[in-house]
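Right, here's the structure in full:
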């Protein structure tokens with residue numbers, strides 16, 4: 001338990017962690033729900049030494065039941081699934097942009113990126129800011145904004161991004177973002193305006209998790225401008241901002 | 247080697263065992279190949295396809311409900327030519343017959359799709375989708391009137407030699423009428439049931455849970471409905487039946503066969519436990535051993551509806 005609403009689950013899952021990359025997800029069958037309940041996708045928060053870590057908010061029937069599981073219980077997990085973030089950002093400065101619990105996979109990313117950079121974390125209030133210590137202890141700068149002003153700047157995470165860009169007029173950032181669609185769209189627009197790349201991790205309701213059912217589709221654009229419909233679970237969940245047709 | 251003969255003949259489609267997967271729940275097979283030994287499946291029913299690419303419905307396309315889910319994917323697909331070029335070779339190489347679910351907005355379109363599939367390596371049968379609740383034209387519009395079913399089946403029959411298997415709608419007053427119409431017009435087998443039309447409303451926002459407003463219910467909740475319809479259809483026609491609706495383990499599959507099905511298809515359960523079809527297969531074999539049956543096909547239609555004793 002991270003606080004009243006947020007939970008950290010650690011699973012002994014060496015088969016999953018062996019090949020897990022930041023930005024990938026796992027598809028979890030929630031132990032104790034009825035047999036007809038669908039799996040739930042969770043981004044990978046960490047995968048080291050055989051231990052798979054997931055961070056989640058108890059918002060619905062499935063996550064509430066997950067939070068009730070006791071240590072030692074078994075959970076069925078399919079994964080790692082999806083494409084993940086590219087880890088090579090060359091000589092560009094990595095800027096991680098997190099909205100709420102979208103910070104969860106960015107912590108894993110910060111661990112695996114060769115260059116250190118800055119985390120910009122936004123949330124509704126201070127209770128929705130998670131995992132900041134993970135970044136600080138790895139030598140990452142962290143900047144924080146809350147909508148209610150209870151911690152850091154009062155405002156949105158995009159305000160932090162605007163400020164970072166203004167503070168670094170010479171730098172071309174490599175942006176990695178995870179959060180709600182509205183935030184990702186705004187982050188993507190700023191990256192495009194700056195001539196930077198933004199790798200956006202989309203959070204869509206999924207059913208199969210492997211590209212079969214077509215529940216989590218997203219309109220996308222190829223380099224030649226033609227459009228196609230991709231599956232967030234299979235072709236994503238990470239897309240570069242230029243690929244997404246909002 | 248199994249002591250039980252698991253092979254079945256589904257209207258000319260020879261399956262090495264009676265367990266298939268349902269259209270729309272298994273992609274084109276490749277999506278699950280890393281999780282399941284698909285070579286053991288009796289057949290893979292491929293996601294519904296029409297002549298041209300089709301975008302499907304806006305999101306959200308699904309919602310979980312007690313006992314299953316309601317979906318309105320809307321038959322998104324690449325069109326039959328792309329399916330033939332990009333997807334069907336995989337199943338062919340895996341040695342699993344493809345049952346291709348096809349649809350259209352006119353008799354001519356259905357017939358043309360069927361004609362293009364005729365002779366394609368690996369295609370074992372055509373499932374004629376006349377019961378999808380999630381597209382405005384085509385799909386269910388063809389399955390709600392037995393005369394339309396009859397005319398459509400006859401039109402497709404003229405353009406293909408493949409085993410032809412209409413997928414019937416559950417929400418009709420008498421499935422027997424539709425079963426007879428389809429078989430008399432030239433269907434080799436029947437598939438049933440499709441999802442049951444359904445609707446879910448979010449009471450906080452007072453908005454439908456699905457962008458399409460309505461969708462189709464699947465999962466364990468619909469299984470007893472499906473058993474009744476399979477049983478009724480089996481009484482009405484001699485054509486073999488591919489039964490689906492709420493299979494989560496061997497018990498429901500065996501129940502379908504006893505009701506009159508020759509083969510079964512696992513659908514929504516693939517999403518929850520991709521190992522379900524093979525667990526069903528192993529369970530059917532174990533059941534046959536336990537009940538002294540030399541062949542799984544001996545189970546078909548063995549329900550005892552006489553006076554209780």
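Chains as they are written, first to last, in my numbering: chain Z, 1 to 246; chain G, 247 to 555.
Note that CB positions come from ideal geometry on N, CA and C, so glycine has one too.
It should be emphasised that the depicted structure is a prediction, and the values quoted were computed from it without experimental measurement.
- For the beta strand (DSSP E) assignment, the uninterrupted runs of no fewer than 3 residues enclosed by the stretch 434-503 of chain G are, from N- to C-terminal side, 436-438, 442-445, 460-464 and 487-490.
- Between the stretch 360-372 of chain G and the stretch 319-338 of chain G, the count of C-beta pairs closer than 8 Å reaches three or more; the two stretches touch.
- A buried status is given to residue 145 of chain Z, since no fewer than 16 other beta-carbon atoms sit within 10 Å of its beta-carbon.
- For residue 174 of chain Z, the pairing in a beta bridge is given by DSSP as Z/94 and Z/197.
- Inclusion of residue 346 of chain G and residue 329 of chain G in the CB contact set at 9 Å is warranted, their separation being smaller than that value.
- The C-beta distance from residue 340 of chain G to residue 422 of chain G rounds to 37 Å, too long to meet the 8 Å contact threshold.
- DSSP lists Z/230 as the beta-bridge partner residues of residue 218 of chain Z.
- For residue 131 of chain Z and residue 22 of chain Z, the gap between their C-alpha atoms comes out near 15 Å.
- Contacts with chain G (Cβ-Cβ distance below 9 Å) from the stretch 207-218 of chain Z involve 207, 208, 209, 210, 211, 212, 213, 214, 215, 216, 217 and 218, listed in chain order.
- For residue 76 of chain Z, the uninterrupted beta strand (DSSP E) run begins and ends at 76-81, by DSSP.
- At a Cβ-Cβ threshold of 9 Å, residue 233 of chain Z and residue 41 of chain Z count as neighbours.
- Ranked by Cα distance from residue 120 of chain Z, the options Z/127, Z/229, Z/114 and Z/135 are led by Z/135.
- Looking only at Z/4, Z/161, Z/76 and Z/85, the smallest Cα-Cα distance to residue 142 of chain Z is reached by Z/161.
- Within the stretch 19-42 of chain Z, the residues whose Cβ lies closer than 8 Å to any Cβ of chain G are, in chain order, 29, 34, 35, 36, 37, 38 and 39.
- Counted as a single uninterrupted DSSP element, the alpha helix (DSSP H) harbouring residue 524 of chain G occupies residues 522-536.
- For residue 218 of chain Z and residue 376 of chain G, the gap between their C-alpha atoms comes out near 27 Å.
- As the crow flies, the alpha-carbon of residue 194 of chain Z is around 23 Å from that of residue 237 of chain Z.
- If you draw a straight line from the Cα of residue 155 of chain Z to the Cα of residue 100 of chain Z, it comes to about 13 Å.
- Ranked by Cα distance from residue 308 of chain G, the first of G/441, G/550 and G/530 is G/441.
- Comparing alpha carbon positions, the residue from Z/47, Z/97 and Z/191 closest to residue 16 of chain Z is Z/47.
- Chain G has a Cβ within less than 9 Å of the Cβ of residue 76 of chain Z.
- Note on residue 469 of chain G: 16 or more other CB atoms within 10 angstroms of its CB, so buried under the neighbour-count rule.
- Inside the stretch 344-390 of chain G, DSSP marks whole beta strand (DSSP E) runs of 3 or more residues at positions 344-348 and 369-375, from first to last along the chain.
- Within chain Z, the residues whose beta carbon sits less than 8 Å from that of residue 466 of chain G are 35 and 36, listed in sequence order.
- In this structure, DSSP gives residue 85 of chain Z a state outside helix and strand, which the three-state scheme calls coil.
- Residue 394 of chain G: member of the alpha helix (DSSP H) spanning 392-403, first to last residue.
- Residue 216 of chain Z and residue 204 of chain Z have their C-alpha atoms spaced approximately 6 Å apart.
- Per DSSP, reduced to three states, the secondary structure at residue 419 of chain G is coil, with no helix or strand assignment.
- With a 10 Å radius around the Cβ and a threshold of 16 neighbouring Cβ atoms, residue 500 of chain G comes out buried.
- Residues 524 of the same chain have their beta carbon placed closer than 8 Å to that of residue 283 of chain G, with the five preceding and five following residues left out of the count.
- According to the DSSP assignment, residue 16 of chain Z belongs to the alpha helix (DSSP H) that extends over 14-17.
- Just so you know, the alpha carbons of residue 224 of chain Z and residue 244 of chain Z end up roughly 13 Å apart.
- Counting of Cβ neighbours within 10 angstroms places residue 451 of chain G among the exposed residues, the total staying below 16.
- For residue 454 of chain G, same chain residues with a beta-carbon under 8 Å away, outside a window of 5 residues either side, are 445, 446, 447, 448 and 460 in chain order.
- Less than 9 Å separates the beta-carbon of residue 318 of chain G from that of residue 379 of chain G.
- Residues of chain Z with a Cβ closer than 9 Å to the Cβ of residue 302 of chain G are, in chain order, 214, 217 and 229.
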